[in-house]
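Colleague:
Number of protein chains: 2
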Amino acid sequence: MTDGKKKEIPETQQHLVVFTPSGLRGHVPNGTSILEAARKFGVDLDSVCGGRGICSRCKVKPAIGTFPKFGMTTTNQCLSPWNDVEEKVNKKKLFKKGQRLGCQTKIIGDVIVDVPSESQIHKQIVRKRAEVRDVLVNPATKLYYVEVSPPNIHNPTGDLQRLKLALEKQWNITDLVISINKIQTIQTLLRKGNWAVTCAIFSQKNSAPEIISIWPGFFESQIYGLAVDLGSTTIAAHLCNLRTGEVIYSTGEMNPQIRFGEDLMSRVSYSMMNIDGAENLKVAVQESLNDLIEKIIQDCKIEAKQLLEITLVCNPVMHHLFLGINPTELGQAPFALATSESLYLNSWEVGLTSLDNCKVYVLPCIAGHVGADAAAVILSETPNTSKENVLIIDVGTNAELILGNEKKVLACSSPTGPAFEGAQISSGQRAAPGAIEKVRINPLTKEPILKVIGCESWSNEPEFSEYIKIQGISGICGSGIIEAVAEMRTAGVLDGSGLIGSEVDTGSVRCISEKRTNSYILYDGTREGRALIKVTNSDVRAIQLAKAALFAGARLLMDEMGIKKVDRIVLAGAFGAHISTKHAMILGMIPDCKLDKVTSAGNAAGTGARIALLNIDAREEISNTVKNITKIETAMEPRFQEYFVSASAIPNSLYEFEELNKIVHLPNINFNKKRRSIRRKAK
Amino acid sequence: MTDGKKKEIPETQQHLVVFTPSGLRGHVPNGTSILEAARKFGVDLDSVCGGRGICSRCKVKPAIGTFPKFGMTTTNQCLSPWNDVEEKVNKKKLFKKGQRLGCQTKIIGDVIVDVPSESQIHKQIVRKRAEVRDVLVNPATKLYYVEVSPPNIHNPTGDLQRLKLALEKQWNITDLVISINKIQTIQTLLRKGNWAVTCAIFSQKNSAPEIISIWPGFFESQIYGLAVDLGSTTIAAHLCNLRTGEVIYSTGEMNPQIRFGEDLMSRVSYSMMNIDGAENLKVAVQESLNDLIEKIIQDCKIEAKQLLEITLVCNPVMHHLFLGINPTELGQAPFALATSESLYLNSWEVGLTSLDNCKVYVLPCIAGHVGADAAAVILSETPNTSKENVLIIDVGTNAELILGNEKKVLACSSPTGPAFEGAQISSGQRAAPGAIEKVRINPLTKEPILKVIGCESWSNEPEFSEYIKIQGISGICGSGIIEAVAEMRTAGVLDGSGLIGSEVDTGSVRCISEKRTNSYILYDGTREGRALIKVTNSDVRAIQLAKAALFAGARLLMDEMGIKKVDRIVLAGAFGAHISTKHAMILGMIPDCKLDKVTSAGNAAGTGARIALLNIDAREEISNTVKNITKIETAMEPRFQEYFVSASAIPNSLYEFEELNKIVHLPNINFNKKRRSIRRKAK
């Protein structure tokens, strides 16, 4: 802990030490190390080796000069000279200019010591968007280096007991638990490390800390965690350094459960109708995640035992399927979850056989329709700390809606169906190369220009035809159909009730009549033997139903909150990242809001998973937040049906669209010759 | 909880209620149920259903008559009349005469209520021997019946959360944990039980209580635990009812590890010399215990999920092998245990795949040579609470010695080798039918009479020859060789140094000379084509070495305790149960002690395992006791070698044998013609 020179320094004198940037300060006896002083005053200074000069984590920069702010003048004479340990660190070029090792440098005069961010235990991850909080890195699992007494024939306690004693004496960690598979390795590791080991210890509130990994001697490398977003369609994973919080690697793959059913309810049906249904679905997703983890370990060149934590977010059906719980109850009222609280699991309990002793944290589910993914979105977007009323919309097969402010958070799920994902649309497809993702229609000519995934150019640019020759246009994805319908409306091809005009109504040859309805041709590749992509009136109807459901859900929440207007809208998820907020507002998908207050949060669920991974307090926070959320069950609210019907017009008739009217003119047209409006149908 | 009639009874009046045999008493309002009153005054009255009239566990017997002791006269009028629930119980013939259901019977006058032992939660198991404590049944796992709120669409907490809430409200159990495999079953069980289930909850100090088994509705049957003594040679198991403490079934089988090495050290060698050595040994013993459990479940017609706890005792090598820990360190100084403290494990962690969610408790090891079996012996024999100095001797391949009183407990292991088990003896064999187990030699004729395992008669009785015709005599077991050597000594066939006399020395034709040593013929079956069983001078030497080691260990402990004489000797283990204490004392195996103070404890290790199974406090007690034991490492004590050499005489020369001299005369003879005495050899 201290070198032999300590005795030579008189300890009677006291010196002032000021730490920056924290400003923490106090007096210490002559000869105290900077690390000791930092611990005394609660300064956030990292150390894995406990001050033995091994880990080089406690690098600090003493400030030399005159500092009027502190009324101090400091010189190199205020600190002990470099010792052998620091010479070694210097030779390895581990010091930045002016740096010292906190554990080796003794205070022998008044000093100011700067703790660089790299040397802080609790690193801060600053996020780009101003409205969301930064993330403090304070993971559940940390590394501790310890030196253990060798066995003594006259005091025959076990090696484990001496390791525990060392952790208690050197790190003040008590009541440790350890699994039998780790106990099996202790003797070899202690001897290999010459009676020193580095332990990864997992701590969570209300539970005994656990030794989950052990390395012989001082472990030079890093430990990692994986934030997983287990979607119905894709499984996304982000590997993070548990010390720095840095995202090392992000990857994903398709959810293999798709072969049992594209949408969740068909997977629920599969598990209801087949004896091993739920088991098959469980195995499929667990194996797939396991494969993904193996790939990550391989790609990132880390060892399985370095990956020590996983946080998992998903919707309730995926939650149950992943955990091997039959999801039948989620397919019928009252949509009872088997368990709603967050879960701490071990990797082997959920089939992650490629990992050694990894801890899996599953975020809490909010309700039978509003899952851990929505909880993660809340953790990322923090509506619960917002002074404004924030509406968060996460669109998938169902839309999850969260409306909140610092006083109250509401949540519901709206049965939008899969139209927003391009399903149930005549030319619909997944967002993949060849899919139309953006559409603009000239109000005068009614001619469209398109943008296709995989091509940087619009269809009126020369590069586009080159692309088309190779790839072709195969369909229209979710964001594309929304833009198409919205543009059709603003271009006067579609009326407020959702009817597409005929060629006569609109003067456009693109409007064709088939049977008793009209369609609008977006792209005709038939002459080149390619697809004919049109928007049919059924497609428009499907979008109308979906957006009416979405809007009705939002409206219910606003009623419950007692507000007529939201201050801010956050579009979460992959869909939210690609959707044009203007077009969404034209459609009447989302409530009226200043356009610059409508933001896309990207993969907010994944970010929430990452926050829970990096900060242990966030786990408790989200559990408490979820408990206090008011859950609205749309299926049970009589007004939902009413709002749903009223919201089918484009834009819907439920609402003043002040903000929308500032940016767009919606033509007042009515193609009511063949009165088959959705509105009547819906009634 | 209470029936509808409660309202009709005026609650203003207070009545005195006295419970017997506890004597607990107090006043309760008119109309209070006997169960409620019992809870109020801390009376030990069982109930699994929480007072719903389902479990019939709270049967009590109100005392009717005049009781001068309490100054009370009671009549049937002091209690509410039988209700429907009691009528049903009566129809099922579950009541003994005069019994009532505590939860259904209301107190409407002063009463005396007797709680029969069957209705007490904490049953007392009275043990036969006066010097050992009785066992209070207070297991870690108990049953709780709960009624759970059905799911509510407006308050979408999970089924698990509502179950936890019910357990908190109805039983005051908080912070429950539950494994994922149990969570998977909750929804089905709650619905099957119509929103009522019976939970088996496992609680131990310093750890959250855990739901380890769930049954739909009220579970009528019993839960069980298994006390396992994992010996080097045999695995013994006792199935106990966790409510009554009763032993339902005892069984055992050979330890299959014998194929890897008869004695422990050869198993340690096997695991050192083979890459998968320790793994193979682990699998062998785990599979064997698993098979044994399957057999018990089948034989006792119980379900795997009713077997909820296992306690395990074993020596340190078996401890490590069973747990999958390489035992190499136990084969060399300083004999470091991987872990010495007690362990809580789950059955699947130790390969017990036939069980559902069973908790395995492994008792603590005392030292590298003194295992959890010795700890269990202490738990059974309680030297730590004795006012006298008690020496406990557990003889196996090594002997474990414990010397203790209420102030101090000492323990050591002595390297007796396997001679006491009949190994390394020319005609030695395991204790099995055909083995000589008892020997008497007439001092005048020098003729022996024998008793053989499997035959009730001595060899001088007529029935014996009938037996011999069928079974034959195949060898001599551990207790047999001890008696043989001791009887040879008292009959004057053997001298104090351990030399067998020749035919000339002894005048007996049974003493034959071979090469340069003599043997004594115990049984000559050669004329009938059967075995010749003799005691050679090598056999005597092997016994001398073993008993000298045992005695030297005891002497070391007595030195450490500062005593010259022990007050009481307990012989533990199967060997201890069969050995003749008189002969053991003649040999000088055990220190001098009044013969009536030398008792056999039978399978004390198994009893200790059973105590730990039935009483949760005993687990903490033994952990604390073990921590405070002074461990003596015989191999490191210079005096051990000295005592060992001095103790090889028969009886040894180290000690006054006052008590022994009262009961036996040891002839003063010396066959020192061919001076090859052990004493000189040992020097």
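Sequence lines, in order, name chains E and W. Our numbering applies: residue 51 is where the first sequence begins, and numbers increase by one. Our numbering applies: residue 51 is where the second sequence begins, and numbers increase by one. For glycine and all other residues, C-beta sits at the position ideal for the given N, C-alpha and C. All of these numbers come straight from a predicted model, not from anything done at the bench.
Please classify W:C128: does DSSP put it in a helix, a strand, or coil?
Modeller: helix
Colleague: Any beta carbon of chain E sitting closer than 7 Å to that of W:Q127?
Modeller: no
Colleague: Distance, Cα to Cα, E:T62 vs W:G381?
Modeller: 52 Å
Colleague: Checking the sheet assignment: what are the DSSP bridge partners for W:C364?
Modeller: Bridge partners of W:C364: W:L280.
Colleague: Across the region 476-490 of chain E and the region 440-457 of chain E, are there enough close Cβ pairs to call them in contact, namely three or more that are closer than 8 Å?
Modeller: No: the two stretches stay apart, fewer than three of their Cβ pairs being nearer than 8 Å.
Colleague: At 3 residues or longer, what runs of the beta strand (DSSP E) sit wholly inside the region 576-663 of chain W?
Modeller: 582-586, 618-622, 648-652
Colleague: Assuming W:L387 is part of the beta strand (DSSP E), what are its boundary residues?
Modeller: Careful: W:L387 lies outside any beta strand (DSSP E) and carries neither H nor E.
Colleague: By the criterion of Cβ-Cβ separation under 9 Å, what are the contact partners of E:P384 in chain W?
Modeller: P200, P201, N202, I203, H204, P206
Colleague: Measure the C-alpha to C-alpha separation of E:P79 and E:K109 and round it to an integer number of angstroms.
Modeller: So the alpha carbons of these two residues sit roughly 21 Å apart.
Colleague: Give every residue of the same chain whose Cβ lies closer than 6 Å to the Cβ of E:Y693, excluding the five residues on either side of it in the sequence, and list them in chain order.
Modeller: Excluding residues within five positions, the ones whose Cβ falls inside 6 Å are A602, R605.
Colleague: At the 7 Å Cβ level, is E:G418 part of the contact set with chain W, yes or no?
Modeller: Taking Cβ atoms only, chain W reaches closer than 7 Å to E:G418, which makes this a yes.
Colleague: Let me confirm a value: E:A426 is counted as buried when at least 16 other C-beta atoms fall within 10 Å, else exposed. Which label applies?
Modeller: E:A426 counts as buried, since at least 16 other C-beta atoms from the protein chains shown sit within 10 angstroms of its C-beta.
Colleague: Mind checking which residues open and close the beta strand (DSSP E) that includes E:G115?
Modeller: 115-117
Colleague: Over the uninterrupted beta strand (DSSP E) stretch that includes W:D574, give me the two end residues.
Modeller: 567-574 is the extent of the beta strand (DSSP E) around W:D574.
Colleague: Specify the secondary structure class of E:H369 as computed by DSSP and reduced to three states.
Modeller: helix
Colleague: If you reduce the DSSP assignment to three classes, tell me which class E:I713 lands in.
Modeller: helix
Colleague: Compute the Euclidean distance between the alpha carbons of E:Y235 and E:S229, then round it to the nearest angstrom.
Modeller: The question names Tyr, but residue 235 of chain E in the sequence shown is Thr. Each residue's alpha carbon lies about 11 Å from the other.
Colleague: Closest Cβ-Cβ distance between W:S392 and chain E: below 7 Å?
Modeller: no
Colleague: Distance check for E:N568 and E:L663, CA to CA, integer angstroms please.
Modeller: Looking at the two C-alpha atoms, the distance is approximately 52 Å.
Colleague: Measure how close the beta-carbons of W:I416 and W:I679 come, nearest whole angstrom, since I'm counting them as under 8 Å.
Modeller: 6 Å
Colleague: Since W:A634 contacts W:P465 with CB under 8 Å, what's their CB separation in whole angstroms?
Modeller: With a Cβ gap of about 18 Å, W:A634 and W:P465 do not count as contacting.
Colleague: Looking at the C-beta of E:I719, does it have a partner C-beta in chain W at a distance below 7 Å?
Modeller: no
Colleague: Are the region 392-412 of chain E and the region 626-644 of chain E in contact at 8 Å, needing three or more beta carbon pairs?
Modeller: no
Colleague: Assign E:A481 to one of three DSSP states: helix, strand, or coil.
Modeller: coil
Colleague: Answer yes or no: do W:G530 and W:I486 have a C-beta to C-beta separation smaller than 7 Å?
Modeller: yes
Colleague: Could you have a look at E:G252 and say whether DSSP puts it in helix, strand or coil?
Modeller: One point to set straight first is that residue 252 of chain E is Phe, not Gly, in the sequence displayed. Looking at E:F252 - three-state DSSP - the assignment turns out to be strand.
Colleague: Please classify E:K138 as buried or exposed, where buried requires at least 16 neighbouring CB atoms within 10 angstroms.
Modeller: E:K138 comes out exposed.
Colleague: Contact between the region 109-122 of chain W and the region 146-159 of chain W: three or more CB pairs below 8 Å?
Modeller: yes
Colleague: Any idea which residues DSSP pairs W:C561 with across the strands?
Modeller: W:Y570
Colleague: To the nearest angstrom, how far is the alpha carbon of E:E181 from that of E:E431?
Modeller: Rounded to whole angstroms, E:E181 to E:E431 spans 8 Å at the Cα level.
Colleague: Taking just the CA atoms, how far does E:Y299 sit from E:P483?
Modeller: 24 Å
Colleague: Is there a C-beta anywhere in chain W that falls below 7 Å from the one on E:Q307?
Modeller: No, because no Cβ of chain W sits closer than 7 Å to the Cβ of E:Q307.
Colleague: Which two residues bound the contiguous beta strand (DSSP E) that contains W:W221?
Modeller: Counting along the chain, W:W221 falls outside any beta strand (DSSP E), though it belongs to the alpha helix (DSSP H) covering 209-221.
Colleague: Select from E:K242, E:L226, E:S338 the residue whose C-alpha is nearest the C-alpha of E:D279.
Modeller: E:S338
Colleague: Count the other CB atoms within 10 Å of the CB of E:A783; is the residue buried (16 or more) or exposed (fewer)?
Modeller: Because chain E in this structure spans residues 51 to 733, residue 783 of chain E falls outside the shown range and cannot be described.
Colleague: Could you say which of E:W132, E:A190, E:L95 lies nearest to E:E168 if we only look at CA atoms?
Modeller: E:L95
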